[in-house]
Amino acid sequence: MELAQFKDKYDSGEIGYFFIPEVAGAENNGPNTSITAGLAYAFNKETFDAETKRFFKFVVEHYNQAAFDVGGYLSPMNGDLPSNVFKLAKDFSLDLEAVAKGGVSWDDKLDPASNEVVGSTANELALGLITPEEFAEKVDKAIGRNAPSFFKDQK
């Protein structure tokens with residue numbers, strides 16, 4: 027869906043958003059929203075040439091201005107919203123003011139190989155090719171196999 031269609035559908039009430047619901051009778055001690063953002067770029071030594079360096083420098087130096095000020099696509103986490111920001115960003119920003127604790131997305135805590143397994147296995151689960159139990163087993167095995175060596179040098 028293009029951004030303009032998304033904006034129009036949100037403004038007309040056809041689509042919206044919600045935070046993670048709390049479970050009645052359970053201890054709900056985590057945040058009810060996950061706040062993540064970033065640019066997913068990866069470079070390797072062999073292909074990181076002068077042009078790639080110039081591109082990356084440009085993105086880093088201009089991303090915020092384009093996303094927040096010019097396009098109004100994203101709302102800043104602190105401060106006033108740009109005047110041209112969409113209603114969704116305004117509404118979400120107001121809701122975020124009430125959030126006391128933010129969470130870290132599960133994929134930010136996984137090693138890359140296990141993250142790949144989770145993604146492909148989630149597709150299998152969504153298509154009904156495997157059961158939830160098989161999903162859990164595959165993910166647990168991947169994490170057990172990959173995470174220890176990936177995280178051994180990290181603190």
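Numbering follows the numbering used here, with no gaps: position 106 of the sequence shown is 132.
Note that CB positions come from ideal geometry on N, CA and C, so glycine has one too.
Nearest CA to the CA of residue i: which residue from the options?
| i | options | result |
| --- | --- | --- |
| K164 | S131, E77, L107 and E142 | E142 |
| I46 | D121, E159 and N90 | D121 |
| K33 | L114, E160, W132 and Q91 | L114 |
| S175 | E160, A139 and K71 | A139 |
| K116 | Y36, A30 and N70 | Y36 |
| F25 | A173, K135 and S119 | The structure shown does not extend to residue 25, since the chain spans only 27 to 181, so no value can be given for it. |
| E123 | G39, Q31, D106 and D137 | D106 |
| G170 | N70, L136, K79 and G145 | L136 |
What does the Cβ neighbour count give for residue i, buried or exposed, with the cut at 16 atoms within 10 Å?
| i | result |
| --- | --- |
| V185 | This structure does not reach residue 185, given that the chain is present from 27 up to 181, and the question cannot be answered. |
| I41 | exposed |
| L155 | exposed |
| A168 | buried |
| L187 | Any property of residue 187 remains undetermined from this structure, which presents the chain solely from 27 to 181. |
| T147 | buried |
Taking the alpha helix (DSSP H) that residue i belongs to, which residues open and close that run?
| i | result |
| --- | --- |
| K113 | K113 to L122 |
| L151 | P138 to A152 |
| G51 | Careful: G51 lies outside any alpha helix (DSSP H) and carries neither H nor E. |
| K71 | Premise fails: K71 is in no alpha helix (DSSP H) and is neither H nor E. |
| F44 | Neither: F44 is in no alpha helix (DSSP H) and is coded neither H nor E. |
| N108 | Position check: residue 108 holds Pro in this sequence, whereas Asn was assumed. Neither: P108 is in no alpha helix (DSSP H) and is coded neither H nor E. |
| D75 | Where D75 is concerned, there is no enclosing alpha helix (DSSP H), given that its DSSP letter is neither H nor E. |
| K164 | P158 to F177 |
Between residue i and the ligand NAD, is there a pair consisting of the residue's CB and a ligand heavy atom that are separated by less than 7 Å?
| i | result |
| --- | --- |
| F161 | In terms of ligand content, the structure shown is empty, and the ligand NAD therefore cannot be addressed. |
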